[in-house]
Amino acid sequence: MISAVILVGVLAGIVTAIVFTRTDRTPLTLVRATLFDAPRPLAAFTLVDQSGGTFDLSRLRDRWTLFFFGFTNCPDVCPTTLATLAEVRRLLADLPPAERPEIVLATVDPVRDTPEVLGRYVAHFDPQFIGITGSQASVDGLTRDLGVAVMIGASVADGSYTVDHSAAIFVVDPSAAFTAVFSAPHAAATIALDYRSIVAARQR
Numbered sequence: 001m002i003s004a005v006i007l008v009g010v011l012a013g014i015v016t017a018i019v020f021t022r023t024d025r026t027p028l029t030l031v032r033a034t035l036f037d038a039p040r041p042l043a044a045f046t047l048v049d050q051s052g053g054t055f056d057l058s059r060l061r062d063r064w065t066l067f068f069f070g071f072t073n074c075p076d077v078c079p080t081t082l083a084t085l086a087e088v089r090r091l092l093a094d095l096p097p098a099e100r101p102e103i104v105l106a107t108v109d110p111v112r113d114t115p116e117v118l119g120r121y122v123a124h125f126d127p128q129f130i131g132i133t134g135s136q137a138s139v140d141g142l143t144r145d146l147g148v149a150v151m152i153g154a155s156v157a158d159g160s161y162t163v164d165h166s167a168a169i170f171v172v173d174p175s176a177a178f179t180a181v182f183s184a185p186h187a188a189a190t191i192a193l194d195y196r197s198i199v200a201a202r203q204r
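Encoded structure:
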């Protein structure tokens, strides 16, 4: 009798373990985002925010961050995406402070986008947004690390030039690791929904 009870207990434990294993391995269903199985730690970098302060890996730790790469002279994609991200922040305002994402615009045009220029620009969309810039080499290092495609065109007669870049939004987790990416086109409600799922999944 005792052996039978032990056997039932062992079987119950095995079934429970199988159930939990299957649950843990159930793929996360996301609408637009791609979540990586293994977050990739970012390489060290040093840039400058719109207030002139240092922006490096330490600024990414212990918080979630949504990175968008663009530039202040961008005529369409950048302002549209930043307006969308401002709406995302409003949709996620009910989350605990540690889970609300910080929104960062990383310029791909550091020659024209000084800290002061970035500060005025990002404040137009949300006073809490952060704009970062730096030397061309430092910016190029971060774009390479995240796989951001950037192409700067030749200058025309008036000195202006075009900058083509990826429209993706990059998710960096509280360990300063690249953990997910949102491909365009972007919709605030979809980003907010997927973001909640990503944060919840990483906490399991």
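Mapping of the sequence shown onto the working numbering: position 55 corresponds to residue 55, and the numbering continues sequentially without gaps.
Yeah, the Cβ is synthetic: ideal placement off N, Cα and C, and Gly gets one too.
(message) Closest to L146 by C-alpha separation, out of F45, V31 and A93, would be which residue?
(response) Your numbering for residue 146 matches position 146 in the sequence shown. The shortest C-alpha separation from L146 is found at F45.
(request) Would you kindly work out how many angstroms separate the C-alpha atoms of P127 and D140, rounded to a whole number? (result) Within the sequence shown, residue 127 is the residue found at index 127, counting from 1. Within the sequence shown, residue 140 is the residue found at index 140, counting from 1. Answer to the nearest angstrom: the Cα atoms are 26 Å apart.
(message) In the DSSP output, what is A180 paired with across the bridge?
(response) Here residue 180 is taken as the residue at index 180 of the sequence shown, counted from 1. In DSSP, A180 forms a bridge with L35 and V171.
(request) Can you give me the Cβ contacts of A177 inside the same chain, cut-off strictly under 7 Å, excluding the 5 residues immediately before and after it? (result) Your numbering for residue 177 matches position 177 in the sequence shown. For A177, where only same-chain residues beyond five positions count, the Cβ hits under 7 Å are P39, R40, P41 and L42.
(request) Put A201 into one of helix, strand or coil per three-state DSSP. (result) Against the sequence shown, residue 201 aligns to sequence position 201. Residue state, collapsed to three classes: helix.
(request) Put L91 into one of helix, strand or coil per three-state DSSP. (result) In the sequence shown, counting from the first residue as 1, residue 91 sits at position 91. If DSSP states are grouped into helix, strand and coil, L91 belongs with the helices.
(message) Strictly by DSSP, which residues pair up with A154?
(response) On the sequence shown, residue 154 is found 154 positions in, with the first residue counted as 1. Checking the DSSP bridge columns, you'll see A154 has no partner listed.
(request) Following the continuous alpha helix (DSSP H) through L146, name the residue where it begins and the one where it ends. (result) What you label residue 146 is simply residue 146 of the sequence shown in a count that begins at 1. Taken as a continuous stretch (DSSP letters only), the alpha helix (DSSP H) holding L146 covers Q136 to L146.
(request) State the DSSP-derived secondary structure class of D76, mapped to helix, strand or coil. (result) One-based indexing of the sequence shown puts residue 76 at position 76. Of the three classes helix, strand and coil, the one that applies to D76 here is coil, per DSSP.
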